[in-house]
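Taking the UniProt record's numbering, the leading residue of the sequence shown gets 1, the next gets one more, and so forth.
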Amino acid sequence: MPEDNEIVIYKRGEVIPASIPKRIPPELLQIIALDDLKVAASRVASILTPTTRFVDLARSSLGPARALTVLYKSGAGQLEQFHIRSPNTDFGILIAVDMRSFLAKTYDEIRQISQHSPELSAFAELDEDGNPTGHYVASIRDIPYENSIWVRVQNTGSAPVTFSQLFAKYTIKE
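Dropping the structure here:
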């Protein structure tokens with residue numbers, strides 16, 4: 001059993017204690033699971049506390065072959081949701097996580113792979129009778145980042161487009 005002044009890292013069955021500078025009561029510790037790595041981390045306010053923020057760019061317009069940065073944030077956090085509602089499918093999404101390309105896909109490409117990924121969805125919007133509304137929705141969820149995130153939307157068509165919904169919800173650690 002670890003001492004009260006230790007953070008314990010569990011990785012593939014190993015227990016690796018790491019001392020920390022002050023005593024933290026066990027009730028303030030929580031387990032965070034990242035793939036096969038579980039880290040016990042402090043919830044003390046002076047350490048990192050998550051804050052949820054929103055960027056809402058509804059009714060933003062883009063000319064042909066133009067792009068718009070929806071979110072650029074330095075520091076650690078998570079993109080909780082990125083959502084687009086468009087009158088056509090002529091758009092693409094570009095996301096870089098920690099200065100590396102994470103996603104660069106058009107609506108049609110996202111629609112194809114969304115059947116196999118719970119983090120991605122793309123579909124033609126239907127009304128209550130099941131008829132197409134003429135709008136197309138793409139949504140991306142739950143993308144963690146350690147150093148930075150950059151989210152852009154691009155008009156891939158030959159005509160201007162105005163997005164009826166365009167927003168990002170993200171959590172940062174301060």
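We put the beta carbon where it would ideally sit given N, CA and C, even for glycine. Predicted model only: the values in this text are computed from it and were never measured.
| Check | Outcome |
| --- | --- |
| I140 and E119 closer than 8 Å at C-beta | yes |
| CB of Q78 within 8 Å of CB of Y145, strictly | yes |
| Unbroken stretches of the alpha helix (DSSP H), 4 residues or longer, contained in the segment 43 to 124 | 107 to 114 |
| Host beta strand (DSSP E) of F167 (start-end) | 165 to 173 |
| Residue interval of the beta strand (DSSP E) (run including N155) | 148 to 155 |
| Residue of T171, T156, S148, Q165 minimising C-alpha distance to S101 | S148 |
| Inter-residue Cα distance where the pair is A76 and S164 | 29 Å |
| Helix, strand or coil at S158 according to DSSP, with G and I counted as helix | coil |
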